[in-house]
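Numbering (the numbering used here), first residue to last: 243 to 572.
Cβ atoms here follow ideal geometry from the backbone N, Cα and C, with glycine treated the same way.
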Ligand code: DAH
């Protein structure tokens, strides 16, 4: 009688095994026959107690044999399934998908885009120039000759390459693109130049060896300091808020005359965020524009400083450390 039980169980197992096509049903079959909780083998073991003592040993052996038969068959089947398993796995649509992290725009680029948008609405268009620049465009053409003290603040990284006329360096500001554009295009001009700039500065809360500027240049007939002040005030009110506190301070830049710096009030302190001025006639001369006929104004904004003010960041370093706990907030 017990042999019959064993035989019919074996038969049932083989029939079911032959119908298995994938891993989940194989697992179910495993549970049904050799599962620890309600597996059929275990049920048989539980019945041992009811069997007359003299038959118990033989029955026990038979169950054990059956058990290892099941296990072997299952293992073998699993192996075969694995060999041809790839397509099986792909067909299991119930598996959870991969989460794709799409990331987001860095805060500095968000601010850059916001600044660009305001100027585009005011009718400016975008120009671009190289980050590896020549000494001539970065300094000399902007009226900063060799040995000029203004070069001190613009110490930078030099490229280990020179040709007959030029030393190559990482540009210290976006102003050289003013020169490149004026050599290429005739006035009237109304352009902005967004980009990365470099200086040999120790990183601290307000300095970084890499930072971002947006340069502006307007060249036309009868452009005046009033245009400059009106433009920049309008811009700052659009960027911050209508009642933002702004001050223009007289300053010096070799490529503008007169020059000014603009500060914005932040946490009870003035923070310098841009330089500006009327294009110096010497610069016009370097690019072949007649300064009797044309005048213009220029400005250079520090994007990182603006981001600090706008988002009340205590240190510029937060923008470059790539700490996601900071960046994810924006
Ligand atoms: N290039 C200057 C700097 O990085 C900033 C600047 C000042 C740009 C005045 C200008 C300007 O166009 O008119 O320090």
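Quick one: residues in its chain with C-beta nearer than 6 Å to the C-beta of residue i, no 5 flanking neighbours on either side, listed in chain order?
{"i": "residue 425", "result": "529"}
{"i": "residue 527", "result": "none"}
{"i": "residue 553", "result": "none"}
Using the Cα positions of residue i and residue j, report the straight-line distance between them to the nearest angstrom.
{"i": "residue 499", "j": "residue 541", "result": "12 Å"}
{"i": "residue 399", "j": "residue 564", "result": "23 Å"}
{"i": "residue 369", "j": "residue 418", "result": "11 Å"}
{"i": "residue 365", "j": "residue 339", "result": "46 Å"}
{"i": "residue 551", "j": "residue 511", "result": "11 Å"}
{"i": "residue 569", "j": "residue 355", "result": "17 Å"}
{"i": "residue 291", "j": "residue 302", "result": "11 Å"}
{"i": "residue 235", "j": "residue 374", "result": "Shown here, the chain extends from 243 to 572; a query on residue 235 therefore has no answer."}
{"i": "residue 548", "j": "residue 353", "result": "8 Å"}
{"i": "residue 477", "j": "residue 343", "result": "35 Å"}
{"i": "residue 380", "j": "residue 509", "result": "34 Å"}
Taking DSSP as the reference, what is the three-state secondary structure of residue i?
{"i": "residue 423", "result": "helix"}
{"i": "residue 346", "result": "coil"}
{"i": "residue 415", "result": "coil"}
{"i": "residue 502", "result": "strand"}
{"i": "residue 493", "result": "strand"}
{"i": "residue 451", "result": "coil"}
{"i": "residue 262", "result": "coil"}
{"i": "residue 367", "result": "strand"}
Report yes if the C-beta of residue i is less than 7 Å from at least one heavy atom of the ligand DAH; otherwise report no.
{"i": "residue 498", "result": "yes"}
{"i": "residue 468", "result": "no"}
{"i": "residue 453", "result": "no"}
{"i": "residue 540", "result": "yes"}
{"i": "residue 210", "result": "Outside the displayed range of the chain (243 to 572) lies residue 210, so it cannot be described from this structure."}
{"i": "residue 495", "result": "yes"}
{"i": "residue 457", "result": "yes"}
{"i": "residue 367", "result": "no"}
{"i": "residue 346", "result": "no"}
{"i": "residue 417", "result": "yes"}
Using C-beta distances below 7 Å, list every residue in its chain close to residue i, excluding the 5 sequence neighbours before and after it, in chain order.
{"i": "residue 451", "result": "440, 441, 442, 443, 445"}
{"i": "residue 262", "result": "268, 271, 319"}
{"i": "residue 455", "result": "415, 416, 437, 439, 542, 543, 544, 545"}
{"i": "residue 321", "result": "none"}
Beta-carbon within less than 8 Å of residue i's beta-carbon, same chain only, minus the 5 sequence neighbours each way: which residues are those?
{"i": "residue 378", "result": "407, 408"}
{"i": "residue 562", "result": "445, 450, 452"}
Please identify the residue among the options whose C-alpha is closest to the C-alpha of residue i.
{"i": "residue 471", "options": "485, 385, 480, 502", "result": "502"}
{"i": "residue 391", "options": "520, 495, 539, 251", "result": "495"}
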